[in-house]
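**Student:** The opening position of the sequence shown corresponds to residue 2 in the UniProt record's numbering, with each subsequent residue numbered one higher.
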Amino acid sequence: QEQLSNRINNLATSQTLAMAAKARELRAEGKDIIGLSLGEPDFNTPDFIKEAAIQAINDDYNSYTPVDGYVELKDAIINKFKRDNQLTYDRSQIVVSTGAKQSLANVAMVLLNPGDEVILPCPYWVSYAEIVKLAEGTPVEVPTSVETDFKMTPEQLEAAITPKTKMIWYSSPCNPSGMVYSKEELRGLADVLKKHPDIIVVSDEIYEHINFVGDHASMAQFEDMYDRVVTVNGVSKAFAMTGWRIGYIGAPAWIARACNKMQGQITSGANCIAQRAVITALEAPVSKISYMIDTFKSRRKLVNDLLNDIEGFVTTDPEGAFYVFPNISHFFGKTIKGHKIENATDFSMLLLEEALVATVTGDAFGSPNCIRLSYAASESQIEEALKRIKTVLTEV
Ligand code: PLP
């Protein structure tokens, strides 16, 4: 163990996975745990996509793939960007990777030098800070709160910029807050960035289709930003394809070229069968997956109504993704069922051990006053989970 590198020793363990491990342990003891901690749709991959994968196997797609993706997949991505986002990319600007997570890691590895700063509006997706640190960059957290709908203001962005700022990373729709930036709000941030032409924007749009408020806006849609935005997307969430591991970027060609070079030395091209299936997924009209989005929408209402019925939870009405991110600081300093609650991690543990409901502490996302509940679970599980939580918190 002493031989392990500083790199791995300094890497935080994923708190979502830590919570999942604890929940597994309790399940093994026979406890009926309801999992509201996972960032994964509870749907199966749609049949028309599965059939494309079976076809690809039978068609003998089994060789190494081009490092940056099959040309047919790149073309499907180009058409998708045009159809859904009015963004024009050519093949030299697209890189397909083994999940959007690899897309993000590539971008960090090819752009960051030691000490370069990456602005992360909080709450941010767990892996952003660790990926940045792995690439020897420095995460710079910008706190937001439930009162401002978890949105970073242009003033906050301006204040966070230093001569070392290299990039800003955010997801919209946001994991974990469900926040969605409108086009006007993105324009406000872009106006600040205009004054700092060397800063690159990483816009993670993986929850694009899981949006309950209307049009999805992309930073790259602004002509004066297009040349310095990396648009990250993938099929894990909206297409219920987490295990297939396909993500992609649309980016300035010089960044795409560098990502291609990086990936060529680490993983090579993404899985052949998954890539063929994703061609079919992206070519299909979005209406083919809308049944999942409609379901998330009705669950969102259910979970929020039930949460608002419990004193001490302060919520926003999430506009996208499949999470709610209530502020639970009301409970700090209290002792509930023998558990002293000092922070969100204690609170999340209380819910796991006493209500048998798995959630994730906001600490994992840079927002220590909140917890994340995923509503990628059935209505009956959501109802039962919130009933149990209410009982634990009200029968002190
Ligand atoms: N970006 C965000 C905001 C996510 O929530 C996730 C998955 O949880 C990812 C990226 C990674 O997605 P993929 O499964 O494509 O690696």
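Even for Gly, the Cβ is constructed at its ideal location relative to N, Cα and C. Fair warning: this is a prediction, and the values are worked out from it, not measured in the lab.
#1: Nearest to Glu385 by alpha carbon, out of Gly36, Lys51, Lys195?
#2: The alpha helix (DSSP H) that contains Glu186, what's its start and end?
#3: State the DSSP-derived secondary structure class of Glu137, mapped to helix, strand or coil.
#4: Between which two residues does the beta strand (DSSP E) carrying Lys298 extend?
#5: Within its chain, find whatever has a CB closer than 8 Å to the CB of Arg8; leave out the 5 residues flanking it on each side and keep chain order.
#6: Can you name the residues that DSSP bridges to His340?
#7: For Pro122, which residues does DSSP report across the bridge?
#8: Going by DSSP in three states, Asp76 sits in which element: helix, strand or coil?
#9: Would you identify the three-state DSSP class for Arg246, choosing helix, strand or coil?
#10: Bridge partners of Trp170, per DSSP?
#11: Do the CB positions of Val230 and Ile247 come within less than 7 Å of each other?
#12: If we ignore side chains and look at the alpha-carbon of each, how far apart do Gly321 and Pro177 end up?
#13: Pick helix, strand or coil for Gly313, following the three-state DSSP scheme.
#14: Around the C-beta of Phe366, are 16 or more other C-beta atoms found within 10 angstroms, so that it is buried, or is it exposed?
#15: Does the region 287 to 294 come close enough to the region 107 to 126 to have 3 or more Cβ pairs within less than 8 Å?
#16: Check this for me: beta carbons of Tyr65 and Gln276, under 7 Å apart or not?
#17: Just to confirm my understanding: we take Gly116, look at its own chain, exclude 5 residues before and 5 after, and list those with CB closer than 8 Å. What are they?
#18: Per DSSP, which residues does Gly363 bridge with? Please list them.
#19: Tell me the residue span of the alpha helix (DSSP H) that contains Val181.
#20: Below 6 Å CB to CB, which residues in the same chain sit around His340 once its five sequence neighbours on both sides are set aside?
#21: Within the present structure, is the beta-carbon of Ser204 separated from the nearest heavy atom of ligand 1 by less than 6 Å?
#22: Could you compute how far the alpha carbon of His210 sits from the alpha carbon of Ala13?
#23: Would you mind reading off the limits of the alpha helix (DSSP H) that contains Asn107?
#24: Buried or exposed for residue 1, going by 16 or more other Cβ atoms inside 10 Å?
#25: Whose CA, out of Ile342, Pro286, Ile311, Pro319, lies closest to the CA of Lys298?
#26: Does the separation of the CB atoms of Val325 and Val304 fall below 7 Å?
#27: Would the beta-carbon of Lys134 be found less than 6 Å away from any heavy atom of ligand 1?
#28: Taking the continuous beta strand (DSSP E) assigned at Ile372, which residues delimit it?
#29: Quick check on Ala252: buried or exposed, where buried means 16 or more other Cβ atoms within 10 Å of its Cβ?
#30: CA-CA distance, Thr99 and Asn272?
#31: Is residue 422 a contact residue of ligand 1, with contact defined as CB to any heavy atom under 6 Å?
#32: Measuring only from the beta carbon, is Asn234 closer than 6 Å to any heavy atom that is part of ligand 1?
#33: Considering Val68, what are the terminal residues of the beta strand (DSSP E) in which it resides?
#34: Does the region 249 to 265 come close enough to the region 45 to 63 to have 3 or more Cβ pairs within less than 8 Å?
#35: Assuming the contact rule is C-beta atoms closer than 8 Å, Ile390 and Ala257 should be a hit. Round their C-beta distance to whole Å, please.
**Tutor:** According to the structure shown:
#1: What you label residue 385 is simply residue 384 of the sequence shown in a count that begins at 1. For the residues Gly36, Lys51, Lys195, the minimum Cα distance to Glu385 belongs to Gly36.
#2: For the purposes of this step, residue 186 is identified with residue 185 of the sequence shown, where counting begins at 1. Segment 184 to 195, the alpha helix (DSSP H) holding Glu186.
#3: Position 136 of the sequence shown, counted from the start, is the residue given in the question as residue 137. If DSSP states are grouped into helix, strand and coil, Glu137 belongs with coil.
#4: Locating residue 298 in the sequence shown gives position 297, where the first residue counts as 1. No beta strand (DSSP E) contains Lys298, which is instead part of the alpha helix (DSSP H) from 291 to 309.
#5: The residue you call residue 8 lines up with position 7 of the sequence shown. Excluding residues within five positions, the ones whose Cβ falls inside 8 Å are Leu135.
#6: Residue numbering aside, residue 340 sits at position 339 when the sequence shown is read from its first letter. Ile337.
#7: Position 121 of the sequence shown, counting from 1, holds the residue named residue 122. For Pro122, which the question treats as bridged, DSSP gives the partners Val143.
#8: Here the question's residue 76 lines up with position 75 in the sequence shown. In the structure shown, Asp76 sits in a helix (DSSP, three-state: H, G or I).
#9: Residue numbering aside, residue 246 sits at position 245 when the sequence shown is read from its first letter. Note: Arg246 maps to coil in three-state DSSP.
#10: Taking the first residue of the sequence shown as 1, we reach residue 170 at position 169. BP columns for Trp170 point to Val203.
#11: Taking the sequence shown and counting its residues from 1, the one referred to as residue 230 is at position 229. Taking the sequence shown and counting its residues from 1, the one referred to as residue 247 is at position 246. No, Cβ-Cβ distance for Val230 and Ile247 is not below 7 Å.
#12: As a position in the sequence shown, residue 321 is number 320, starting the count at 1. As a position in the sequence shown, residue 177 is number 176, starting the count at 1. Between Gly321 and Pro177, the C-alpha separation is close to 10 Å.
#13: By 1-based counting over the sequence shown, the position of residue 313 is 312. Coil, per DSSP.
#14: Locating residue 366 in the sequence shown gives position 365, counting from the first residue. Its Cβ being crowded by 16 or more others within 10 Å, Phe366 is buried.
#15: no
#16: Residue numbering aside, residue 65 sits at position 64 when the sequence shown is read from its first letter. Residue numbering aside, residue 276 sits at position 275 when the sequence shown is read from its first letter. Contact: no.
#17: In the sequence shown, residue 116 corresponds to position 115, counting from 1. Around Gly116: Glu137, Gly138, Thr139, Lys165.
#18: Stepping through the sequence shown from its first residue, residue 363 is reached at position 362. None; Gly363 has no bridge partner.
#19: The residue labelled residue 181 in the question sits at position 180 within the sequence shown. Run containing Val181: none; DSSP gives neither H nor E here.
#20: As a working mapping, residue 340 is identified with position 339 in the sequence shown. Around His340: Leu351.
#21: In the sequence shown, residue 204 corresponds to position 203, counting from 1. Not under cutoff, so the answer is no.
#22: Here the question's residue 210 lines up with position 209 in the sequence shown. Here the question's residue 13 lines up with position 12 in the sequence shown. Taking the straight line from one Cα to the other gives about 30 Å.
#23: Translated into positions along the sequence shown, residue 107 becomes position 106. Its alpha helix (DSSP H) spans residues 101 to 112.
#24: Given that the chain is displayed from residue 2 to residue 397, the structure contains no residue 1 and the question cannot be resolved.
#25: Within the sequence shown, numbered from 1, the residue matching residue 298 stands at position 297. Nearest of Ile342, Pro286, Ile311, Pro319 to Lys298, Cα basis: Pro319.
#26: By 1-based counting over the sequence shown, the position of residue 325 is 324. By 1-based counting over the sequence shown, the position of residue 304 is 303. Cβ distance < 7 Å, so Val325 and Val304 count as in contact.
#27: The residue given as residue 134 occupies position 133 in the sequence shown. Lys134: no, Cβ never under 6 Å from ligand 1.
#28: As a working note, residue 372 is residue 371 in the sequence shown. Per DSSP, Ile372 belongs to the beta strand (DSSP E) from 372 to 375.
#29: The residue labelled residue 252 in the question sits at position 251 within the sequence shown. Label assigned to Ala252: buried.
#30: By 1-based counting over the sequence shown, the position of residue 99 is 98. By 1-based counting over the sequence shown, the position of residue 272 is 271. Cα to Cα, Thr99 sits roughly 7 Å from Asn272.
#31: Summary: the structure shown does not reach residue 422, with the chain confined to residues 2 through 397, and so no result is reported for it.
#32: Counting from one through the sequence shown, the residue named residue 234 turns up at place 233. No, Cβ of Asn234 sits at least 6 Å from all heavy atoms of ligand 1.
#33: Against the sequence shown, residue 68 aligns to sequence position 67. Neither: Val68 is in no beta strand (DSSP E) and is coded neither H nor E.
#34: no
#35: Start at 1 with the first residue of the sequence shown, and residue 390 comes out as number 389. Start at 1 with the first residue of the sequence shown, and residue 257 comes out as number 256. The pair is not a contact, with the Cβ atoms about 45 Å apart (cut-off 8 Å).
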